[in-house]
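Asker: Protein chains in written order, with my numbering: chain F, 1 to 555; chain H, 1001 to 1117.
Backbone N, C-alpha and C fix where the C-beta goes; we use that ideal spot for every residue, glycine too.
Just so we're clear, the structure is a prediction, and the values are computed from it rather than from any experiment.
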């Protein structure tokens, strides 16, 4: 009988049972056997420079491919470094499978290298976590991990694998790896609730559909398209739902960005909220105090959170939309959609002018518009930072699912997500341009991953919106404390493009409006991971900063 | 003329509330906002300055502002503003009778402040 080590069994399972193709990792002694297994079974390893980036890239891989991302980190600091990425995935309900090294079982409580209680640390931020103590049970534990990550409301899972079981060899046949059956399960709302929801939708005069990550993870483009086109409901998609229907769809409100979404919600009479939480991003539902609200969510606990639903429908987004479709009337809300668009255009007067007008110093809205001019909607965009995320979300537009993402702007508000997300986007869609707009502050967190990009030939284009400061914080301090009392908010002018050049990529600095487009074209033509460092107006404050500041002012 | 009176009256309402209305006082106490309300031709224009609880005003279209509600004409401005209704503002914008210059988030802030009065 052929022998197989625990580490190789892990790799065999990933490949044969789950069809995993990429694993995001950093090498480490405790996990050496798994790394060798990944080589043996031909899985692509993307080794990064900090475990945080490994977790974030695996998270992003889930988003861009709709298959669970896998990261492999070593014990101790490998684990703690990855923790921020795990928390981010937890708050964003993303199916992330974290495989982690551990000190040997035989050394428990002896003060072994990197001995720590990882399980108790990670438990509150995962859907499921466990330690496998038996080589033969590795496939069983991995199967549970993948089921937990993907079924129901998705989320990160954590499996600890001690070296004692990874280096041990067993008979290959004693622990067979079989393809995991994907059970199709569906929770469906009761018929009376579906009919009640349909009555509200059919009577609506000014409805809006708000879609979130639940739509993206459901991958329900056809169901959503059929629903909005039959009911005529305009829609705004955010988070990982963005782009499930393209931004240029006639009923999409996404082109207005944040201003667009918020300008008309107070007058909407019906909100259909699909796979979206009423958290701070939607001001806990206070944006539409007078509307009837139909909430669709795979997690029943979300149906009344922060605002009681008029009708709550538990289930997968696509499944519920399919169930509603025969019950809703064919409607035309064209006039309402037009009014909505004209209203937010009127509200965005200055922002639209900024986009059109060359500026010196460069206005960030103008920078985003120039990036769009070069790469258009057939590209993937990521924005990372404080103010920078506002400009990215407002100005970028894509026809692709998850084509515009601000992974730093969610619940964790975690800077540094941009470059890992862009790398994963490029790996998942190598034939499309991938652009990450980074603040100069956020660039610092994971910019060393340009080394990863160079080693693995992942030619993303990073545009630094360089205002030489932690802009959102600095402007908040200016408002609240005064210009002369800003603390820890300045960064100074740094040549980030030279840093990228030094790592083997392509770099340019831009200080004038007319230089933006040629520099972006040269960066794309270089075929290398590129950084275009654009010096922008340090005095510009975004709308997001005002909201951020105001939220604290009312305390 | 009626708009001029309305804007002046609005200033006094804001000033009075900043002295007597605890909820309003709390809302505006840390904010620095310069909100302009004017007609497109600039004939009617008043700036409302909120400076950490203090409210002052200035007349005329040429003051710096954070956000400006620019009305097509005085009659529209008067009728819509009197309604104090978000829907009326929304449709005024949709019908090309109102635009917001500067940052609309400040206009939203002003609307939120008015809800305390």
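DSSP three-state label for residue 116 of chain F, please.
Answerer: coil
Asker: Which value, in whole angstroms, describes the spacing of the CA atoms of residue 192 of chain F and residue 236 of chain F?
Answerer: 27 angstroms
Asker: Among F:300, F:293, F:315, which one has its Cα closest to the Cα of residue 307 of chain F?
Answerer: F:293
Asker: Quick check: is the beta carbon of residue 1090 of chain H nearer than 8 angstroms to any beta carbon in chain F?
Answerer: Residue 1090 of chain H counts as touching chain F.
Asker: Please say whether residue 51 of chain F and residue 8 of chain F have beta carbons closer to each other than 8 angstroms?
Answerer: no
Asker: Please determine, among F:489, F:285, F:214, the residue with the shortest C-alpha to C-alpha distance to residue 472 of chain F.
Answerer: F:489
Asker: Which residues does DSSP list as the beta-bridge partners of residue 235 of chain F?
Answerer: F:209, F:252
Asker: Within the chosen definition, does the segment 355-365 of chain F reach the segment 530-544 of chain F through at least 3 CB pairs nearer than 8 angstroms?
Answerer: Contact holds: three or more Cβ-Cβ distances are below 8 angstroms.
Asker: When the cut-off is 8 angstroms and only beta carbons count, does residue 285 of chain F lie next to chain H?
Answerer: no
Asker: So residue 304 of chain F and residue 186 of chain F are supposed to be a Cβ contact under 8 angstroms. How far apart are they, rounded?
Answerer: The pair is not a contact, with the Cβ atoms about 22 angstroms apart (cut-off 8 angstroms).
Asker: Which chain F residues sit within Cβ distance under 8 angstroms of residue 1098 of chain H?
Answerer: For residue 1098 of chain H, the residues of chain F that pass the 8 angstroms Cβ criterion are 346, in the order they occur in the chain.
Asker: Given 8 angstroms as the limit, is there contact between the segment 275-295 of chain F and the segment 165-173 of chain F, that is, 3 or more CB pairs closer than that?
Answerer: no
Asker: If you run the structure through DSSP and keep just helix, strand and coil, what is residue 155 of chain F?
Answerer: Residue state for residue 155 of chain F is assigned as coil, using DSSP reduced to three classes.
Asker: Quickly, what does DSSP pair residue 507 of chain F with across the bridge? List them, please.
Answerer: F:531.
Asker: Kindly list, in the order they appear in chain H, the residues whose Cβ is closer than 7 angstroms to that of residue 480 of chain F.
Answerer: 1030
Asker: Kindly indicate which residue of F:379, F:140, F:250, F:287 has the alpha-carbon position closest to the one of residue 341 of chain F.
Answerer: F:250
Asker: Roughly how many angstroms lie between the CA atoms of residue 121 of chain F and residue 381 of chain F, to the nearest whole one?
Answerer: 33 angstroms
Asker: Check whether the segment 452-461 of chain F touches the segment 35-49 of chain F, taking contact to mean three or more Cβ pairs, one atom from each stretch, closer than 8 angstroms.
Answerer: yes
Asker: Just tell me which of F:150, F:492, F:448, F:144 has its CA closest to the CA of residue 469 of chain F.
Answerer: F:492
Asker: For residue 266 of chain F, return the contacting residues in chain H, with the cut-off set at a CB-CB distance below 7 angstroms.
Answerer: Simply 1086.
Asker: Would you please state the rounded distance, in angstroms, between the beta carbons of residue 1078 of chain H and residue 1029 of chain H? I believe it to be under 8 angstroms.
Answerer: So it is not a contact: roughly 30 angstroms between Cβ atoms.
Asker: Using a Cβ cut-off of 8 angstroms, pull out every chain H residue sitting near residue 342 of chain F, in sequence order please.
Answerer: 1093, 1094, 1095, 1096
Asker: Taking one C-beta from the segment 379-399 of chain F and one from the segment 519-526 of chain F each time, how about it: are there three or more such pairs within less than 8 angstroms?
Answerer: no
Asker: Relative to the alpha-carbon of residue 1007 of chain H, which residue among H:1020, H:1071, H:1053 has its alpha-carbon at the smallest distance?
Answerer: H:1071
Asker: Which chain H residues are close to residue 547 of chain F, counting only those with a beta carbon under 8 angstroms from its beta carbon?
Answerer: 1105
Asker: DSSP three-state call for residue 202 of chain F: helix, strand or coil?
Answerer: helix
Asker: Judging by CA-CA distance, which residue of F:518, F:131, F:176, F:162 is the nearest neighbour of residue 28 of chain F?
Answerer: F:162
Asker: Any beta-carbon of chain F closer than 8 angstroms to the one on residue 1053 of chain H?
Answerer: no
Asker: Does residue 359 of chain F come within less than 8 angstroms of chain H when only Cβ atoms are used?
Answerer: no
Asker: Extract the residue ranges of the alpha helix (DSSP H) inside the segment 15-68 of chain F, only unbroken runs of 4 or more that lie entirely within it.
Answerer: 32-40, 51-65
Asker: What is the residue span of the alpha helix (DSSP H) that residue 1101 of chain H lies within?
Answerer: Premise fails: residue 1101 of chain H lies in the beta strand (DSSP E), 1098-1102, not in any alpha helix (DSSP H).
Asker: Counting Cβ pairs closer than 8 angstroms, one from the segment 87-107 of chain F and one from the segment 58-78 of chain F, do we hit at least three?
Answerer: yes
Asker: Grouping DSSP H, G and I as helix and E and B as strand, with all else coil, what is residue 1043 of chain H?
Answerer: coil
Asker: Answer yes or no: does any C-beta atom of chain F fall closer than 8 angstroms to that of residue 1102 of chain H?
Answerer: yes
Asker: By the 7 angstroms beta-carbon criterion, what residues does the segment 1-20 of chain F contribute toward chain H?
Answerer: Here the close residues number zero.
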